[in-house]
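Have a look at the structure below before the remarks.
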Amino acid sequence: MAPSNANRKQAEFCPTNLLTWDLNVAEINTRAAALSAQFRAAHDAVAAIPLEDVSYENTLLPLAHVEAMFVVQKNQLDFPQHVFTSQDIRSASTKADKMLSELKIEMSMQNDVYQRLIALQEKCQPNELKPEAQRLLERLLKLGRRNGLHLPADIQDVSHIFIFPLRYCVFFFSSPLCCLYCYLATCC
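At position 76 of the sequence shown the residue is numbered 767 (the working numbering), and the sequence of numbers has no breaks.
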């Protein structure tokens, strides 16, 4: 049976499986830095688009692609902190998880990208976008409103509200107390 056009397009977009689970400390650090740079560059490229030039192809599609890639790669870098016996690998994975989670929060608070998404929504005619793209656009706009991006600039700086619990959550799950708690919870 011949592959469908959708499968061919997927093969062109991602020709090889990039997931590996035998990462060392240097690979974790290198991949985290590269992923961070790629994620930031994609958001900055969207933010640099003039409001009158926004379109599905230059605004929503790059954000969707980089988000899909980011989630997969972040999970791959996050996984070793939960299962590896090497303390160095667990620490590097925890550090990468913290850095990438903070980056995700920072990028979700980018008002420039939010303004491009609003302009895209206003520019698009009904039924111009596919249903999946329309849902993604609505979801990104809703998340932007939840983050306060529609509010005046003096009220907008709420990123510390998101980062504070994140830091303690990462710390708790990387500390020996968590391991002791998990051990006691399973034996008792």
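Ideal Cβ positions, reconstructed from N, Cα and C, are used throughout, including at glycine. All of these numbers come straight from a predicted model, not from anything done at the bench.
Write down the C-beta distance between residue i and residue j rounded to the nearest angstrom, noting that I regard them as a contact closer than 8 angstroms.
i	j	result
Val716	Ile780	6 angstroms
Gly835	Tyr805	4 angstroms
Arg731	Met798	7 angstroms
Phe761	Leu726	7 angstroms
Please name the residue, chosen from the options, that lies closest to residue i on a Cα-to-Cα basis.
i	options	result
Gln812	Lys795, Ala732, Glu797, Lys833	Lys833
Ile740	Gln825, Leu752, Ala725, Arg807	Arg807
His841	Gln778, Lys814, Gln801	Gln801
Asn720	Leu827, Ala783, Leu828, Arg830	Ala783
Leu794	Ala723, Glu823, His773	Ala723
Asp803	Pro817, Ser777, Ala844, Thr711	Ala844
Asp744	Pro822, Lys814, Ala755, Asp713	Lys814
Ile796	Gln816, Glu758, Gln778	Glu758
Asp713	Glu823, Pro817, Ser777	Ser777
Ala824	Glu718, Leu710, His756	His756
Residue j and residue i - do their beta-carbons sit closer together than 8 angstroms?
i	j	result
Leu742	Ala787	no
Pro753	Ala728	no
Thr785	Gln772	yes
Leu831	Leu820	no
Any heavy atom of the ligand SAH closer than 7 angstroms to the CB of residue i?
i	result
Leu742	Looking at this structure, you won't find the ligand SAH or any other ligand, since it has none at all.
Is the stretch 762-769 touching the stretch 743-754 in the sense that three or more CB pairs, one from each, lie closer than 8 angstroms?
no
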